[in-house]
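Start counting the sequence shown at 7; every next residue gets the next number (this note's numbering).
For glycine and all other residues, C-beta sits at the position ideal for the given N, C-alpha and C.
I have placed the structure first, in the form of structure tokens, so that the comments after it can refer back to it.
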Amino acid sequence: MSGITAPEASVRGTGPVRAPYPEETDMRRTSYKLTLPAVAAAAMLMFPGALPASASSTAAGSAAAASAALTLTGGSCEGLARRFLCSVAFSGAVAPVSVRWFVDGSHVPAYDNRTFVGIGCQPTFRYDIRAVISDGTGASVEFRSNPVCRSGNP
Numbered sequence: 007m008s009g010i011t012a013p014e015a016s017v018r019g020t021g022p023v024r025a026p027y028p029e030e031t032d033m034r035r036t037s038y039k040l041t042l043p044a045v046a047a048a049a050m051l052m053f054p055g056a057l058p059a060s061a062s063s064t065a066a067g068s069a070a071a072a073s074a075a076l077t078l079t080g081g082s083c084e085g086l087a088r089r090f091l092c093s094v095a096f097s098g099a100v101a102p103v104s105v106r107w108f109v110d111g112s113h114v115p116a117y118d119n120r121t122f123v124g125i126g127c128q129p130t131f132r133y134d135i136r137a138v139i140s141d142g143t144g145a146s147v148e149f150r151s152n153p154v155c156r157s158g159n160p
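And the structure:
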């Protein structure tokens, strides 16, 4: 045999001989020094639930406040015959978002989480209609209207 040509080649009956791989020839070890802030930052990225509740809520709250705040961009209640068509619009909300509707101070669960509702009414009576929009940061905005119910055709 003139030389080793394959990893399985034998030299004088000693068994298979492998050609050395680059990682086997360089046996130096490299060590890295990590500072405590770097380790803490890596741990916070890997395990966000490990933060104390006050620190995580403060960080989440300030990040959400920096990006955009919950704002009411529009709202209306149009009176038709024996009905109000009410809508709200908002921006800057952080999920989860909830919309709760109130008629004369009473919560109406059937209208929850809707931005457009049709509310029946008794002609000639004035109604207090409110929509409260809340987001995941705890911020909330309110739309309020006091229309009078109309009778007859729209």
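Please name the residue or residues paired with residue i in a DSSP beta bridge.
i, result
"residue 144", "Beta-bridge pairing links residue 144 to no other residue."
"residue 151", "135"
"residue 93", "82, 122"
For residue i, report the span of its beta strand (DSSP E) as first-last.
i, result
"residue 81", "77-86"
Measure from the C-beta of residue i to each C-beta in chain E and report whether the shortest distance is under 7 Å.
i, result
"residue 151", "Going by chain labels, chain E is absent from the structure shown, which holds only one protein chain."
With a threshold of 6 Å on Cβ separation, who are the neighbours of residue i within its own chain once the five nearest residues in sequence on each side are excluded?
i, result
"residue 131", "155"
"residue 140", "104, 146"
"residue 85", "153, 156"
"residue 91", "84, 124"
"residue 122", "93"
Short of 7 Å in beta carbon distance, which residues of its chain neighbour residue i, apart from the five on each side in sequence? Order them along the chain.
i, result
"residue 5", "No answer is possible for residue 5: it lies beyond the span of the chain, which begins at 7 and ends at 160."
"residue 110", "133, 134"
"residue 75", "98, 145"
"residue 128", "155"
"residue 120", "105"
Going by beta carbon distance, what residues of the same chain come within less than 8 Å of residue i, once the five residues before and after it are set aside?
i, result
"residue 77", "96, 97, 98, 147"
"residue 82", "92, 93, 151"
message: Whether or not the stretch 97-107 and the stretch 150-158 are in contact is what I'm after, with contact meaning three or more pairs of Cβ atoms, one per stretch, closer than 8 Å; do they touch?
response: no
message: My parser needs the beta strand (DSSP E) runs of 3 or more residues fully inside the stretch 96-142; what are they?
response: 104-109, 122-126, 135-140
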